[in-house]
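Protein sequence lines, in the order shown, are assigned to chains A and B. Taking this note's numbering, the leading residue of the first sequence gets 18, the next gets one more, and so forth. Taking this note's numbering, the leading residue of the second sequence gets 103, the next gets one more, and so forth. For every residue, glycine included, the Cβ atom is placed at its ideal position computed from N, Cα and C. These notes are about the structure you will find just below.
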Amino acid sequence: GAGVSQTPSNKVTEKGKYVELRCDPISGHTALYWYRQSLGQGPEFLIYFQGTGAADDSGLPNDRFFAVRPEGSVSTLKIQRTERGDSAVYLCASSPSGGLRDEQFFGPGTRLTVL
Amino acid sequence: QQQVKQSPQSLIVQKGGISIINCAYENTAFDYFPWYQQFPGKGPALLIAIRPDVSEKKEGRFTISFNKSAKQFSLHIMDSQPGDSATYFCAATDQGAQKLVFGQGTRLTINP
């Protein structure tokens, strides 16, 4: 079946602009995660959704970052007033139920470049 | 705050050799330790995982060794193949949180 998909695959924007990154999880997965991966580093947790609600948003770096999952499926990560330091690969993952040992299935990521 | 420390940063192994990657953690609440494999342009994919109530888990050529008292765990890749060339991440999570905490990654190159 289809895996996690993310669009766009690449996004180049200018400092100060607003961007939206989209994630389509595996069908039926109730848990959805966003991570950010800087060059040469491991992914860093941003936010976790269980259904429509954000169960843990402790990883969002500041209030310029916001994510939604209005119908419990597709999620959008929104970044306002982008800064050059926001440049990274943004990864989305989903898991069947969000259980401790549920495998998280990752998408290919969106590479965000802020000029 | 680096909760999971991974070494080495890069590793070159000859085909057929053993690749060993090490991780150490600080948070004693961690109780699930997966390893992920990532190829360029792809997202990480789960390779193998271990719970702290066992000291070793083997799946094919991949083995995790776990030392709870030392708070360390390692990945061993036996009979390493060129197709194993990728970046490997150790990770950890605890029962109170679903988020994965990743190490910095090890770029593994298997020379033919």
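For residue i, the three-state DSSP class (helix, strand or coil)
i        : result
Asp186/B : helix
Arg153/B : coil
Arg209/B : strand
Asp103/A : helix
Arg19/A  : In the sequence under discussion, the amino acid at residue 19/A is Ala, which differs from the Arg named in the question. Of the three classes helix, strand and coil, the one that applies to Ala19/A here is coil, per DSSP.
Asp73/A  : strand
Ala110/A : strand
Leu113/B : strand
Ala199/B : coil
Contact set for residue i: own chain, Cβ-Cβ below 7 Å, skip 5 residues either direction
i        : result
Leu149/B : Trp137, Tyr138, Gln139, Phe164
Ser22/A  : Asp41, Gly124
Gly68/A  : Thr47, Gly89
Asp74/A  : Ile64
Range of the contiguous beta strand (DSSP E) that encloses residue i
i        : result
Ala172/B : Per DSSP, Ala172/B belongs to no beta strand (DSSP E) and is neither H nor E.
Leu63/A  : 61-67
Lys107/B : 106-109
Tyr35/A  : Careful: Tyr35/A lies outside any beta strand (DSSP E) and carries neither H nor E.
Lys159/B : 158-161
Val85/A  : 82-85
Pro136/B : 132-140
Leu132/A : From DSSP, Leu132/A is part of no beta strand (DSSP E); its letter is neither H nor E.
Asn79/A  : Segment: none, Asn79/A is in no beta strand (DSSP E) and carries neither H nor E.
Ile96/A  : 92-96
Whole-number beta carbon distance between residue j and residue i, since they are thought to touch under 8 Å
i        : j        : result
Leu63/A  : Gly76/A  : 4 Å
Ala212/B : Ser187/B : Position check: residue 212/B holds Ile in this sequence, whereas Ala was assumed. With 8 Å as the limit, Ile212/B and Ser187/B qualify as a contact, their Cβ atoms being about 5 Å apart.
Ile123/B : Ser176/B : 6 Å
Same chain, Cβ closer than 6 Å to residue i, five either side skipped, listed in chain order
i        : result
Gln119/A : First, the amino acid is wrong: residue 119/A is Asp here, not Gln. If we look at Asp119/A and ignore the five residues flanking it on each side, its Cβ neighbours are Ser112, Pro113.
Gly194/B : Sequence check: residue 194/B is Ala here, not Gly. Here the set comprises Val106, Tyr127, Phe132, Phe135, Val203.
Pro60/A  : Tyr52, Gln54, Leu108
The ligand ZN heavy atom lying under 8 Å from the CB of residue i
i       : result
Ile64/A : The model depicted lacks the ligand ZN and carries no ligand whatsoever.
Residues of its chain near residue i, where Cβ-Cβ distance is below 8 Å and the 5 sequence neighbours each way are ignored
i       : result
Ala84/A : Trp51, Leu63, Ile64, Phe66, Ala71, Asp74, Leu77, Ser92, Thr93, Leu94, Lys95
Review point. Going along the chain, which residues of the stretch 23-49 of chain A sit with their C-beta nearer than 8 Å to a C-beta in chain B?
Key: Ala48
**Study point:** Residues of the stretch 65-80 of chain A with Cβ closer than 9 Å to any Cβ of chain B, in chain order
**Key:** Tyr65, Gln67, Ala72, Asp73, Ser75, Gly76
Exercise for review: Using a Cβ-Cβ cut-off of less than 9 Å, give me the residues of the stretch 144-162 of chain B that come near chain A, in sequence order.
Suggested key: If the cut-off is 9 Å between Cβ atoms, the stretch 144-162 of chain B has Lys144, Gly145, Pro146, Ala147, Leu148, Ala151, Arg153 near chain A.
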